[in-house]
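Under the working numbering, residues 20 to 457 are what the sequence shown spells out, in order. Worksheet for the structure shown next.
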Amino acid sequence: MKIEDLRKIGKIQYKGSKNKEKFSFKHYNPEEVILGKKMKDHLKFAMSYWHTLVAEGADMFGEPASDKTFGESDPLEQFKAKADFGFELMNILGIDYYCFHDVDIAPKGKDLKETFDLFDQMVEYIGELQNKYHKNLLWGTANNFTDKKFMVGAATSPNANVYAIAAAKVKKTIDATIKLGGTGFVFWGGREGYETLLNTDMGKELDNLGKFLKLARDYGRKQGFKGDFLIEPKPMEPTKHQYDFDTATAIGFLRKHDLMNDFKINIEANHATLAGHTFQHELRTAAIDNMLGSIDANEGDVLLGWDTDHFPINVYGSTMAMYEILKAGGFKNGGINFDAKTRRASNTVEDLVIAYILGMDTYALGLRKAVAIIEDGRLDEFVEVRYDSFNHGIGKKITNEEVTLEELYQYALSIDDLKVESGRQEYLESILNQILFS
Ligand code: XLS
Ligand code: NI
Ligand code: NI
Numbered sequence: 020m021k022i023e024d025l026r027k028i029g030k031i032q033y034k035g036s037k038n039k040e041k042f043s044f045k046h047y048n049p050e051e052v053i054l055g056k057k058m059k060d061h062l063k064f065a066m067s068y069w070h071t072l073v074a075e076g077a078d079m080f081g082e083p084a085s086d087k088t089f090g091e092s093d094p095l096e097q098f099k100a101k102a103d104f105g106f107e108l109m110n111i112l113g114i115d116y117y118c119f120h121d122v123d124i125a126p127k128g129k130d131l132k133e134t135f136d137l138f139d140q141m142v143e144y145i146g147e148l149q150n151k152y153h154k155n156l157l158w159g160t161a162n163n164f165t166d167k168k169f170m171v172g173a174a175t176s177p178n179a180n181v182y183a184i185a186a187a188k189v190k191k192t193i194d195a196t197i198k199l200g201g202t203g204f205v206f207w208g209g210r211e212g213y214e215t216l217l218n219t220d221m222g223k224e225l226d227n228l229g230k231f232l233k234l235a236r237d238y239g240r241k242q243g244f245k246g247d248f249l250i251e252p253k254p255m256e257p258t259k260h261q262y263d264f265d266t267a268t269a270i271g272f273l274r275k276h277d278l279m280n281d282f283k284i285n286i287e288a289n290h291a292t293l294a295g296h297t298f299q300h301e302l303r304t305a306a307i308d309n310m311l312g313s314i315d316a317n318e319g320d321v322l323l324g325w326d327t328d329h330f331p332i333n334v335y336g337s338t339m340a341m342y343e344i345l346k347a348g349g350f351k352n353g354g355i356n357f358d359a360k361t362r363r364a365s366n367t368v369e370d371l372v373i374a375y376i377l378g379m380d381t382y383a384l385g386l387r388k389a390v391a392i393i394e395d396g397r398l399d400e401f402v403e404v405r406y407d408s409f410n411h412g413i414g415k416k417i418t419n420e421e422v423t424l425e426e427l428y429q430y431a432l433s434i435d436d437l438k439v440e441s442g443r444q445e446y447l448e449s450i451l452n453q454i455l456f457s
């Protein structure tokens, strides 16, 4: 891939839904105001550094199929060229944010000390690019899963030295996140889980993980970090069972360790479906506890059982996601990170740009349709009426916790005209289709 190919494509403009040019937005019109806010501020799109600038399409059966050396052979120069390409890509797409892991942005040194020095140099370099292009860091994270020392965990490793190295990497990446003005710091526990309980002290591992998160929180706050710490749940892959299984599990864990005030959830669509939930379910679960922080927008393949990280195309999914996000009051420190990659055979600069256009348009259209659902009002009204029995009589007493079990017993004996209303699912689905396709 070459930066000149991006410059040849030039800035992507909004041309409307009837336009047939491949390099144009059909639905994303960044400056358009919807519900009192610009589309770009509703959506807060972010580029994922790892898929976009690092991963070269290698899989378990095949070698890299896409070139991300950007014409450089010296390791540091190569990472500078990655950054140059990334910021130019954000520039032509009008993406204001990006997300990275420590290992994505700088080459590995001969030891931890040299690795950190190279990292510092690249943080400096990226800071300059940020200023030049007026871009912002959405969140940073430490990759504590790729290196073989993390094969049995990082914060849940049985080896205290590995725990210490993982902590050092988190410290370093928190420093960088603060320096680059990031508003989030993510923990995805790729290796925080187990393969078999025959060799695992699960209770100890979970306690160690809780302590690890507290150490990170305390350090970050001491350094003046005002953003959100985020847990990104995922049930499996690479480990058979990961501790941050889904949103409900992660929230339970945070509550137990008294971390609810500092942490929120970063919800990934494909992780939701791996956990056997819809993306909407995960978003709602977080929103109920005011824990909806940020999202990793992508999607899986119904026929495949792993994290395929497709760029989003499903408008039902993006509509219901944006509906949940709007209902939760929108993003504050979070945004929409495209934790997504092109298919292995889509390995040109054009493919990459088109993939981002597809993802951004899918979410822009989702936003428009979510607003249409809210303005239409029929779905919200139906749900409100459905629970109306809790607004008066015995229901009101239940709501206000003004009733005992004995009173409910007496009351139940007096019910003589019980009628449970229809849930009207198909009717509501037909409204959804009407809004989506009109
Ligand atoms: C992997 C995760 C990862 C996190 C960041 O499945 O989605 O990419 O987003 O570590
Ligand atoms: Ni992710
Ligand atoms: Ni993922």
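Beta carbons are placed, not taken as given, at the ideal position from N, Cα and C, and that holds for glycine.
Ligand 1 heavy atom lying under 7 Å from the CB of residue i
i	result
residue 160	yes
residue 300	no
residue 390	no
residue 205	yes
residue 329	no
residue 251	yes
residue 120	yes
residue 436	no
Among the options, nearest to residue i - alpha-carbon criterion
i	options	result
residue 104	258, 88 and 41	88
residue 26	253, 239, 90 and 111	111
residue 151	102, 49, 247 and 69	102
residue 377	337, 350 and 78	337
residue 37	30, 245, 405 and 46	46
residue 155	126, 430 and 202	202
residue 419	436, 357, 400 and 410	410
residue 118	216, 314, 443 and 330	314
residue 79	199, 407, 363 and 208	363
residue 216	324, 177 and 332	177
residue 381	52, 58 and 129	58
residue 55	403, 41, 441 and 348	348
residue 276	234, 40, 185 and 81	234
residue 237	264, 194 and 260	194
residue 449	402, 421, 397 and 408	397
residue 41	375, 218, 207 and 292	375
Within 8 Å, strictly: CB atoms of residue i and residue j
i	j	result
residue 232	residue 278	yes
residue 454	residue 346	no
residue 62	residue 371	no
residue 116	residue 65	yes
residue 284	residue 310	yes
residue 266	residue 228	no
residue 368	residue 141	no
residue 131	residue 173	no
residue 366	residue 77	no
residue 316	residue 254	no
residue 352	residue 318	no
residue 74	residue 360	yes
residue 243	residue 204	no
residue 135	residue 191	yes
residue 262	residue 214	no
residue 189	residue 161	yes
residue 43	residue 53	no
residue 137	residue 106	no
Exposed unless 16 or more other CB atoms sit within 10 angstroms - verdict on residue i
i	result
residue 423	exposed
residue 165	exposed
residue 72	buried
residue 272	buried
residue 356	buried
residue 301	buried
residue 258	buried
residue 109	buried
residue 480	Shown here, the chain extends from 20 to 457; a query on residue 480 therefore has no answer.
residue 158	buried
residue 456	exposed
residue 99	buried
Bridge partners - residue i, DSSP secondary structure assignment
i	result
residue 313	285
residue 342	Bridge partners of residue 342: none, in fact.
residue 247	203
residue 156	117
residue 357	66
residue 329	318
residue 56	53
residue 33	44
Contact test: residue i Cβ vs ligand 2 heavy atom, cutoff 7 Å
i	result
residue 287	yes
residue 315	yes
residue 358	yes
Closer than 7 Å: residue i CB and nearest ligand 4 heavy atom
i	result
residue 263	As far as ligands go, the structure on display features ligand 1, ligand 2 and ligand 3 and does not contain ligand 4.
Near ligand 3: residue i beta-carbon under 7 Å from a heavy atom
i	result
residue 296	no
residue 123	no
residue 70	no
residue 320	no
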